[in-house]
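In mature numbering (1 follows the signal peptide of the UniProt record, and there is no 0), the protein residues as written are -23 to -1, 1 to 612.
Glycine included, every Cβ here is placed at the ideal spot set by N, Cα and C.
Written below as structure tokens is the structure these notes are about.
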């Protein structure tokens, strides 16, 4: 006689709970225990763009050290907060589904922040299929402008694309103003715009001054050294606070995109890169041969990068420099040591190794030798193009979508007016009329949503949310049920100023299927026709474009659509937000809870998580206390 369905479901639940208990355990991380990496957040004087600034950095460097993880292996990273008076968290951008619970690095959402003088052990376990480029950064205020670094997740097996070396390119921007000044301006009443960044930054150099005239190295062009005929994997990482950046290489238009946001894609040909905050694109670039260099009579080419969508525009130069001696009669490549093992080779780090190198040019070009597309022509770059090389899971069709959530993002004036370009009152960003920041949530004494689910059993009320533009007014959060397939459609509004902006929209948690973007009104049926013979790649950061610089006040025009399947495997509390730091500080963030308290609690039984439930709890260590830490992954 078959068992009743409710008994079978109960049995399956208890089997899963038993398996989770076997995998999870707690242990004291004392002096005998060592993480693979330790990162230390400090505030130090650094020099960027030939200007001194007190900044939050990791391990005394800007950017922070590159971390190497591997598919199928667990890596522990200990994050020390050595800031005297500010909290810290570390977000593993693009890898949040591969971190243990309470480890996404989002204060007031997934965890309590790390208090001054304390440290926290992050457990990260990339799965097979996660090999690619990621980055880590602080998720507090404006700290991530300088507190960030690259992550390489290395392939467990030989990679699907062949290349000879890696080049990490972190594209960011820089303010002379302090983090505190910028945050104060953005939250002030009346509102004060802190201004545009002072420069762009290519890794650690701005490239705004020439090799001959720069007061110090920090504003000289960054030099990337390569060999003729070799193929390199350039890993472009968008680390900017606000800048939307385009980049091209003089005489090198053969860029093949092979990965986006950490996942391998089918090859896609482009002649330049454009990257917003939080995005990553890996490209293969084959260098010119020795014969080509000899014919051209050159061994150096300019790399040009520029902003789009903001005024005044910023720009800078780096230099692609060949290890090739043009003066040699044989025109041969100068012999040098064998390349280091792939995955641990950054060509750019070879500067100063003692090999022959040509003399850098004395001046930067007056007119750019690289011609990048102008503003207004950016919206088709790689749209409806990128496909997964090996899909991680089946793409749900429109017929499977259970709910569509439209989210209109716009600026609003609070207690004042906007007139003639001036604001009387404060200025905030809202998402369907809801503004959210971790600072405000803390001031309201909210527990982090994930912790609240454990402590009180509270999650956002689904029925209230459906009737209230997608969010629960009592908890100021957006619920989703296990089994739902959501279409989330971001809509851009011109607000009181009539200005449209570019917004790099980022999702914590599971990568979503990117459904593309467009001007005007979103038509799901029409858009679905793109997917007849094309399956979109899964992404974690894509651009909500602007299609005009200016329009009438409070006009909605332009959309970006995502598709997400909610499963037992991605329950939790996740931020979906614009990755522009200014907009985040002003409220352009949405806190989502996938699953109800029961489904969340099934992931980790209560006995293992007591130390995570309070600010400064026993899962957080300090000089006099060893933390009691959950081990979530095996291997």
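A straight line joining the alpha-carbon of residue 354 with that of residue 141 spans about 33 Å. Cβ neighbours of residue 82 within its own chain (closer than 6 Å, five residues either side excluded): 66, 67, 68, 116.
Burial check for residue 243: the Cβ neighbour count within 10 Å stays below 16, so the residue is exposed. Judged by DSSP in its simplified three-state form, residue 520 adopts strand. If you keep only unbroken beta strand (DSSP E) runs of at least 3 residues inside the region 189 to 240, you get 200 to 203, 208 to 215, 221 to 226, 232 to 237. DSSP places residue 112 in the uninterrupted beta strand (DSSP E) bounded by 109 to 115.
In the pairwise beta carbon analysis, the region 439 to 447 is classified as not touching the region 594 to 612: fewer than three pairs are separated by under 8 Å. Exposure of residue 506 is indicated by the presence of fewer than 16 other C-beta atoms within 10 angstroms of its C-beta. A check of alpha carbon separations from residue 436 across 86, 72, 15 identifies 86 as the nearest. For residue 120, the CB contacts under 7 Å within the same chain, skipping 5 residues up- and downstream, are 33, 156 in chain order. Contact check between the region 259 to 273 and the region 185 to 196: fewer than three CB pairs, one atom from each, fall below 8 Å, which does not count as touching. A Cβ-Cβ contact shorter than 8 Å links residue 133 with residue 105. If you check the CB distance, residue 213 and residue 303 do not come in under 8 Å.
Under the 8 Å Cβ criterion, the region 395 to 403 does not count as touching the region 267 to 283, having fewer than three qualifying pairs.
Under the three-state reduction of DSSP, residue 438 is assigned to coil, being neither helix nor strand. For the pair residue 12 and residue 54, the CB atoms are nearer than the 8 Å cut-off. One Cα belongs to residue 573, the other to residue 453, and the distance between them is close to 16 Å. By the Cβ criterion, the region 201 to 211 is not in contact with the region 183 to 191, since fewer than three pairs of Cβ atoms, one from each stretch, lie closer than 8 Å. In the three-state scheme derived from DSSP, where H, G and I count as helix and E and B as strand, residue 77 is classed as coil. Unbroken alpha helix (DSSP H) runs of no fewer than 4 residues, entirely contained in the region 235 to 272, are not found. Residue 479 and residue 290 do not touch by the CB rule: their CB atoms are close to 13 Å apart, not below 8 Å. Along the region 29 to 114, the beta strand (DSSP E) occurs as fully enclosed runs of 3 or more residues at 44 to 47, 52 to 58, 67 to 70, 96 to 101, listed in sequence order.
Boundaries of the beta strand (DSSP E) around residue 4: 2 to 5. Of 265, 237, 203, the smallest CA-CA separation from residue 299 is found for 203. In the DSSP assignment, residue 131 falls within the beta strand (DSSP E) that extends over 125 to 131. Counting every other CB atom within 10 Å of its CB across the protein chains shown gives residue 44 a total of 16 or more, marking it as buried. If you compare the alpha carbons of 161, 177, 178 with that of residue 170, the shortest gap goes to 161.
Here residue 471 carries a coil assignment [DSSP, helix/strand/coil]. With respect to residue 151, residue 25 sits close: the two C-beta atoms are nearer than 8 Å. Note that the C-beta distance between residue 564 and residue 394 is not below 8 Å. When only Cα atoms are considered, residue 414 and residue 560 end up about 10 Å apart.
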